[in-house]
Structure formats: C-alpha cells, structure tokens
Amino acid sequence: MRHCDYMPLTKARSRAEDKVLQAVLTTSLLTLCGCKTSQAVHTPSQPALREVTVNMGSMYYSPDTIHAIAGQPLMVTFVNNDTINHDFIIDRGASGMIHMFVPKGRSIATSLFFGEPGTVDFICSQSGHQAAGMVGRIVVE
Ligand SMILES: [Cu+2]
Numbered sequence: 005m006r007h008c009d010y011m012p013l014t015k016a017r018s019r020a021e022d023k024v025l026q027a028v029l030t031t032s033l034l035t036l037c038g039c040k041t042s043q044a045v046h047t048p049s050q051p052a053l054r055e056v057t058v059n060m061g062s063m064y065y066s067p068d069t070i071h072a073i074a075g076q077p078l079m080v081t082f083v084n085n086d087t088i089n090h091d092f093i094i095d096r097g098a099s100g101m102i103h104m105f106v107p108k109g110r111s112i113a114t115s116l117f118f119g120e121p122g123t124v125d126f127i128c129s130q131s132g133h134q135a136a137g138m139v140g141r142i143v144v145e
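With positions in the sequence shown counted from 1, the corresponding number in the working numbering is that position plus 4.
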C-alpha cells in the first residue's frame, strides 16, 4: 500500500488556542443551523477538527492506534505524565519526518494531515523505548 502524505500544520499550539478554534467552528455551524432557508450562507471550507489525546507512559502509547480521516486535520495532544522523556516520530525517509519531543510532565499538541488512506507507524526514539514496545500506528481511512 502506498504511504499517505502528511504534513504538520502547527507545532506545540496551546490547548487554549485549540479551544478557541473549536469554539469558532462550533459557532459557525450553529449560525448555519439558524439559517436553513437561506441560500446565501457560506459553508465553512474547513472540515470539523478531529481530536485525540495520546498518553505516553512507561514504554507505551495509549491508545497505540490512532484513527484519522484522509483530507481532514487531526489534532493530536501528547500527554507525558511519565517520569522520563518520550517523543513521537513518523519517519518517511525522503518524504520527511515528524518529530515531537515531549518532556516528562509536559503535553504538546500538533495537527497532522494525511492526504490519502493508509497506515503510518510511529515510534518513540528515546534510547531503548522502541525495542521495549513503545510504538504505535495511525490508520487513515
Ligand atoms: Cu519513550
């Protein structure tokens, strides 16, 4: 299967900003619902923002399988409540790499975008973590 395209839309955007964006999108949808008979309403071009939280623990991601939809941005928040640092890497060779370092006790959010259906594996590159099972997969439908 061909690997799907991806690109990071933002890096380390704050949770508060995400909520603002979500609120704006929700407001737009509510406005649309109130004008059912109008043909002049502009449909928002942005698809709804999907979100998932991934916890990073002692040699695991939870959940370790993330579902995304091709063509729709996916906001992923990595929460590292472990006592050691972890990271998140998608390595596609010449197609590029995404690397999110998440220090112990911190959380970082990023938007991922996949252009085509497929599966993408990710790992933690901290010493010994991948070998110990700290791996996961993104399923793009
Ligand atoms: Cu790790």
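Every residue gets a Cβ at the ideal spot worked out from N, C-alpha and C, and that includes glycine.
Exercise. For the beta strand (DSSP E) containing N89, list its first residue and its last residue.
Key: From DSSP, N89 is part of no beta strand (DSSP E); its letter is neither H nor E.
Quiz item: When DSSP builds the beta bridges, which residues end up paired with I73?
Solution: Answer is none; I73 lacks a bridge partner.
Quiz item: Just to confirm, does Q130 get its C-beta within under 7 Å of one of the non-hydrogen atoms of ligand 1?
Solution: Judged by the Cβ position, Q130 qualifies as a neighbour of ligand 1 at the 7 Å threshold, a heavy atom of the ligand being closer than this.
Quiz prompt | Inter-residue spacing [alpha-carbon to alpha-carbon] between D91 and M101 | solution = If I take the Cα positions, the gap works out to 13 Å.
Self-check item: Where the beta strand (DSSP E) through R54 begins and ends
Solution: Residues R54 to G61.
Quiz item: With burial defined as no fewer than 16 other Cβ atoms inside 10 Å of the residue's Cβ, what is the status of P77: buried or exposed?
Solution: Classified as buried, P77 has 16 or more neighbouring CB atoms from the shown chains inside 10 Å of its CB.
Practice problem: Go to D125, then tell me how far its beta strand (DSSP E) extends in each direction, as first and last residue. | Solution: From DSSP, the beta strand (DSSP E) with D125 extends over G122 to I127.
Quiz item: Exposed or buried, which one is A72 when buried takes at least 16 other CB atoms within 10 Å?
Solution: Buried is the label assigned to A72, since at least 16 other Cβ atoms lie within 10 Å of its Cβ.
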